[in-house]
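S.K.:
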Amino acid sequence: MDSQPSQPFKLLVLGGTGAVGQEVLRLALADERIARVIAPTRRPLPAHPKLDNPMPDFATLPADAPWWKVNAVICALGSTIKAAGSREAFAAIDRDLPIEAARLARQAGATRFALNSSLGADSAANFYLQTKAQAEQGIRALFYPTYVIVRPSLIDAKRVEPRFGEMAGLLLARLLLPLIPRRFRPVKAAAIAAALLTGVLSGEAGERCVESEDISNGPKDP
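Below, the structure is given as structure tokens:
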């Protein structure tokens with residue numbers, strides 16, 4: 026697959042107000058290979074010359090919106106059952122919305138998709154990880170020529186809305202870092218974003234999974 030499209034490269038970012046999504050936007054807006062970044066959100070983003078920021082009703086995504094016509098999609102949508110309020114609401118955000126957005130973008134001509142999933146995503150695991158696996162499977166069924174799944178462990182980031190369980194886990198992980206296998210160590214949000222962006226820009230044909238131990242936190246990452 027041609028990794029350098031003849032037309033200006035357009036990228037759709039889902040979840041642009043979240044910890045990973047903000048990092049994806051930062052990297053994408055600074056990348057000269059990307060001509061336009063479209064980031065639909067519920068609340069407005071800071072203005073940027075390369076950024077389009079529609080604010081649709083996410084409960085009923087507009088199928089005919091022009092911003093579906095992109096080369097690639099990065100999905101960094103994610104919540105927790107506690108934050109969402111119920112299992113059903115969590116599944117709607119972390120499974121149903123990514124699949125529906127992927128379907129609409131694919132229908133409009135997108136050929137590359139990168140999904141921020143989770144370490145341990147498995148249809149036989151707990152509800153959270155089952156939901157993540159179902160999202161992976163639903164997007165897989167849309168047959169994107171390039172499909173990248175990034176499965177990080179605990180995300181190391183400062184959040185607008187603190188997740189206290191995550192904060193406690195990060196604190197413990199930092200204290201015990203030398204004893205924790207690389208696969209289970211916290212991963213910086215910027216590193217996850219870089220893996221997602223690299224995946225769609227490479228245009229490598231087929232499906233590729235980037236597991237947590239393969240996400241680099243930087244040159245000092247042990």
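With the sequence shown counted from 1, adding 25 to any position gets you my numbering. Yeah, the Cβ is synthetic: ideal placement off N, Cα and C, and Gly gets one too.
If we count Cβ pairs, one from each stretch, closer than 8 Å, do we get three or more for the stretch 167-177 versus the stretch 140-159?
M.R.: yes
S.K.: Starting from Val175, follow the beta strand (DSSP E) in both directions and report where the run begins and ends.
M.R.: Numbered from 1 along the sequence shown, position 150 holds the residue referred to as residue 175. That run of the beta strand (DSSP E) goes 171-176.
S.K.: To the nearest angstrom, how far is it from the Cα of Ser227 to the Cα of Ala84?
M.R.: Within the sequence shown, the letter at position 202 stands for residue 227. Within the sequence shown, the letter at position 59 stands for residue 84. Roughly 32 Å between the two C-alpha positions.
S.K.: Determine the burial state of Lys107: buried for a count of at least 16 other Cβ atoms within 10 Å of its Cβ, exposed for fewer.
M.R.: Taking the first residue of the sequence shown as position 1, residue 107 is located at position 82. Exposed: under 16 other Cβ atoms inside 10 Å.
S.K.: Taking Pro123 as the reference, which of Gln132, Asp239, Glu161 has the closest Cα?
M.R.: By 1-based counting over the sequence shown, the position of residue 123 is 98. Considering only alpha carbons, the answer is Glu161.
S.K.: Which residues in the same chain as Ala215 place their Cβ atom closer than 6 Å to its Cβ, once the five residues preceding and following it in sequence are excluded?
M.R.: Taking the sequence shown and counting its residues from 1, the one referred to as residue 215 is at position 190. For Ala215, where only same-chain residues beyond five positions count, the Cβ hits under 6 Å are Glu48.
S.K.: Excluding sequence positions up to five away, which residues of its chain have a Cβ less than 6 Å from the Cβ of Ala101?
M.R.: Against the sequence shown, residue 101 aligns to sequence position 76. Contacts found: Gly40, Gly43, Val45, Gly46, Val49, Asn141.
S.K.: When DSSP builds the beta bridges, which residues end up paired with Ala97?
M.R.: Counted from its first residue, the sequence shown places residue 97 at position 72. DSSP lists Leu36, Arg137 as partners of Ala97.
S.K.: Could you name the residues of the same chain whose beta carbon sits closer than 7 Å to that of Leu250, not counting the 5 residues immediately before and after it, in chain order?
M.R.: Outside the shown range of the chain (26 to 247) lies residue 250, about which nothing can therefore be said.
S.K.: Buried or exposed for Gly224, please, with buried defined as at least 16 other CB atoms from any protein chain shown within 10 angstroms of its CB.
M.R.: For this step, residue 224 is matched to residue 199 along the sequence shown. It is buried - the Cβ of Gly224 has at least 16 other Cβ atoms within 10 Å.
S.K.: If I'm right that Val129 touches Leu86 with Cβ under 8 Å, what's the distance once you round it to whole angstroms?
M.R.: Along the sequence shown, read from residue 1 onward, the residue named residue 129 stands at position 104. Along the sequence shown, read from residue 1 onward, the residue named residue 86 stands at position 61. Going by the sequence as given, residue 129 is Leu instead of Val. About 6 Å separates the two Cβ atoms, so the contact holds.
S.K.: How many angstroms separate the CA atom of Ile180 from the CA atom of Lys213?
M.R.: To locate residue 180, count along the sequence shown from 1; it is residue 155. To locate residue 213, count along the sequence shown from 1; it is residue 188. One C-alpha to the other measures close to 6 Å.
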